[in-house]
Every structure is written in C-alpha cells, then in structure tokens.
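Protein chains in written order, with my numbering: chain A, 1 to 159; chain B, 160 to 318.
Reading through the structure tokens given below for one structure.
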DNA sequence: TATTGTTATACTCTATAACTATA
DNA sequence: TATAGTTATAGAGTATAACAATA
C-alpha cells in the first residue's frame with residue numbers, strides 16, 4: 001500500500017498552481033495577496049474596526065495598520081472615526097473598493113463555473129474532496145506524528 | 160448551472176490548509192518554506208551551482224544567494240568551488256542536510272499513505288484530481304478571461 | 001562580450017514591544 | 001486598568017540594477 005499514494009502530491013500541486021496564479025495576479029494594481037484578502041474580509045464583514053480585521057485575518061494589529069495604509073493610499077478603503085469610541089478607526093470600502101470586489105466576485109464565479117463546466121459526477125467529486133479535506137486536517141494535526149507538520153507540505157507547493 | 164460549483168472553493172480550502180501547515184512547520188529549526196524548497200531541489204538535483212538552483216526554484220540569483228547564506232549558516236548546505244569554472248560555487252547538502260531531507264521524505268511518505276489509508280476508489284479519485292488539475296491550468300490561463308487571474312484565487316487561500 | 005555570484009537598494013508580509021490616546 | 005491603533009525595530013522572501021571576477 002505504499003507506492004501508489006499520488007493523492008497527496010496532487011493536492012500539493014493544486015496548492016502550488018493556485019498560489020502561483022494568485023501571486024502573478026496583482027501586477028501594477030497596487031494590490032497584493034494580503035491586501036486583497038483584507039478586501040474580501042471587509043466585503044464580508046462590512047465597515048469594521050481594524051481590530052476586527054486583525055481577528056478575521058488572524059494577523060497582528062500592526063500588520064493591519066500597514067495593509068490599511070497601503071489600501072488607503074491606493075484608494076480602495078477609507079478610515080473614519082468611530083461615532084462613540086474615539087480610539088477606533090472604522091475601515092470601509094470606497095467606491096473603487098466596492099467596484100473592485102464586485103469584479104473579483106464576478107470573476108471568481110466565472111472561474112468556479114468554468115472549472116466544472118461539463119464535468120461528470122460533480123457532486124460525487126465534491127464529496128470526495130470533502131473527505132480529503134477532512135482527512136488532510138487529521139493527518140496534518142501535529143499530534144498525529146512526532147513531526148511538526150513540516151515534511152507534510154513539501155515546499156514544492158510553495159513556489 | 161450556477162450555484163453548485165463548490166469545487167473551486169474546496170480546492171482553495173485545500174491550498175489554504177497545506178500552506179498553513181507548512182508555515183507552522185518551521186519553528187525554531189532555522190528552516191522556512193523557501194529554504195526547505197531549496198533543500199528539496201538540491202536533494203533532487205544533487206550538488207548544483209546557485210545558477211541551477213535559481214532556475215529550478217524560478218527565483219532570482221540574488222534570492223538564492225540569501226537562501227544559501229541562511230542554509231549554510233544553519234549547517235544544512237555548504238559551498239565549494241567548481242573544479243574548472245571559478246565563477247561557480249557548487250552547493251551541496253551537508254550531513255545534517257542529508258539527514259534532514261531523509262527525515263522529511265520519510266514523513267512525507269507517511270502522510271501520503273495516511274491520507275488515503277482505507278479510502279475507497281483511490282485510483283478513481285486520482286483520475287478526478289488529474290482532471291481538475293488539468294482544468295485548473297486552463298481556467299487560470301490569463302487569456303481565458305480578461306482578468307489577470309487574481310479573482311481566481313481569492314486570498315482566503317492565502318492565510 | 002557573456003556569465004556567476006555578490007553588494008546595494010527597495011518593497012511586502014509578518015511579528016513583538018513600547019507608547020499614545022482613549023475608555 | 002484595559003483597549004485600539006500607532007511608531008520602532010526586526011526577520012524573511014522577493015526583485016532589479018550595478019559590479020567584480022572569471023570565461
């Protein structure tokens with residue numbers, strides 16, 4: 001039962017493809033992966049304190065300051081004072097930010113449809129992927145093996 | 160044919176899981192994703208000029224200099240002069256580097272097996288994944304849509 | 001003249017710690 | 001006293017450009 005386990009490498013390959021696509025995507029736009037991630041969260045949450053964004057993104061407050069600075073400079077978001085708590089700055093999408101997100105959501109939808117267009121047994125595949133995701137989370141749980149996970153995702157997936 | 164296309168999001172979720180695992184993996188080891196990637200390539204290629212590593216990793220020569228510096232400081236690789244071309248420095252795995260790679264390959268194998276252990280129809284799933292990979296590369300080809308790809312990998316996959 | 005690797009410089013993401021302004 | 005966001009500092013990955021040594 002040893003040699004035939006290509007599945008893991010296939011998943012790594014998928015991760016690599018998606019990551020590379022994302023990295024190449026933001027050229028000249030002033031956007032980056034991290035900044036766009038913040039935009040997605042902001043679109044989902046609505047106007048938010050940087051506080052909440054840091055929690056949503058699972059990054060430090062300092063990091064959010066930098067991302068919002070850059071997005072503000074690019075015209076994608078704006079900061080406004082909180083009506084009652086003057087410590088808080090509320091971040092909102094600008095018109096450009098909204099338009100950008102609308103476009104991205106549209107493109108995401110198109111790609112999503114294009115990926116499965118004409119594919120047989122899509123629902124069964126979705127079930128298989130759910131099972132793989134479930135197993136992946138178990139298998140990568142550090143306690144499962146003595147290792148910290150590292151070896152798992154051999155960095156082929158990283159570039 | 161619109162609403163049911165979960166597959167793309169599932170793939171993004173897989174990418175996010177693998178990336179997160181990889182990021183968490185290198186704690187205190189002096190290794191990182193990029194450095195480990197170089198080690199994998201080096202293990203595959205054998206002793207190589209930095210030149211070749213830059214090509215294999217698809218990264219600038221400057222970048223390789225930094226990665227090799229760090230790996231050399233950590234004792235994972237060593238630089239040696241090329242026998243005939245004195246411009247070239249040949250990078251090799253040290254004993255520690257070899258041992259580290261052997262361990263990682265072992266762990267990778269274990270995870271690979273653990274992922275599919277007891278799973279039904281593994282070969283069919285592998286075929287489905289191959290098809291998805293193929294389609295992914297087509298769908299993400301920039302020319303396919305007017306976009307640069309960005310929207311594709313909504314950065315949920317990035318953190 | 002072309003190539004290898006380096007130094008110089010710069011940008012991005014990320015973190016912790018110290019500090020300010022507010023609650 | 002605790003919280004929100006900032007400045008200060010630092011490490012890591014990445015890039016281009018200029019430069020040295022060598023082909």
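Quick reminder that beta carbons are idealized off the backbone N, C-alpha and C, glycines included.
Since we're looking at a predicted model, the values are computed, not measured.
For residue j and residue i, the rounded distance between their alpha carbons
i                      : j                      : result
residue 36 of chain A  : residue 243 of chain B : 49 Å
residue 299 of chain B : residue 236 of chain B : 36 Å
residue 225 of chain B : residue 289 of chain B : 35 Å
residue 169 of chain B : residue 291 of chain B : 12 Å
residue 311 of chain B : residue 186 of chain B : Note on residue 311 of chain B: pLDDT 47, under 50, position unreliable in the model; the coordinate value appears next. Those two C-alpha atoms are separated by around 31 Å.
residue 23 of chain A  : residue 122 of chain A : 28 Å
residue 166 of chain B : residue 285 of chain B : 15 Å
residue 86 of chain A  : residue 61 of chain A  : 17 Å
residue 19 of chain A  : residue 34 of chain A  : 12 Å
residue 171 of chain B : residue 240 of chain B : 43 Å
residue 89 of chain A  : residue 265 of chain B : 49 Å
residue 318 of chain B : residue 41 of chain A  : Note on residue 318 of chain B: pLDDT 37, under 50, position unreliable in the model; no value is reported.
residue 93 of chain A  : residue 104 of chain A : 14 Å
residue 275 of chain B : residue 29 of chain A  : 41 Å
residue 256 of chain B : residue 97 of chain A  : 47 Å
residue 167 of chain A : residue 270 of chain B : Because chain A is modelled from 1 through 159, residue 167 of chain A falls outside the range shown and cannot be assessed.
Contact set between residue i and chain A, taken where Cβ atoms lie within less than 9 Å
i                      : result
residue 166 of chain B : 112, 115, 116, 119, 122, 125, 126, 129
Neighbour list for residue i in chain B, Cβ cutoff strictly below 7 Å
i                      : result
residue 160 of chain A : Given that chain A is displayed from residue 1 to residue 159, the structure contains no residue 160 of chain A and the question cannot be resolved.
Listed by chain order, chain A residues near residue i by CB distance under 8 Å
i                      : result
residue 298 of chain B : 111, 114, 115
residue 292 of chain B : 10, 13, 14, 17
Anticipated Cβ contact below 8 Å, residue i with residue j, distance rounded
i                      : j                      : result
residue 113 of chain A : residue 164 of chain B : 5 Å
residue 50 of chain A  : residue 59 of chain A  : About 11 Å; that fails the 8 Å criterion.
residue 53 of chain A  : residue 91 of chain A  : 6 Å
residue 128 of chain A : residue 287 of chain B : 7 Å
residue 176 of chain B : residue 137 of chain A : 6 Å
Selected residue, minimal CA-CA separation from residue i, among the options
i                      : options                    : result
residue 216 of chain B : B:230, B:287, B:198        : B:198
residue 102 of chain A : A:79, A:17, A:44           : A:44
residue 180 of chain B : B:267, B:294, B:297, B:293 : B:267
residue 277 of chain B : A:135, A:80, A:97, A:94    : A:135
residue 99 of chain A  : A:110, A:120, A:75, A:115  : A:75
residue 47 of chain A  : A:79, A:104, A:110         : A:79
residue 95 of chain A  : A:111, A:71, A:124         : A:71
Chain A residues whose Cβ lies nearer than 7 Å to that of residue i
i                      : result
residue 170 of chain B : 14, 18
### Query
At a Cβ cut of 9 Å, what residues of the stretch 208-233 of chain B count as close to chain A, listed as they run along the chain?
216, 217, 218
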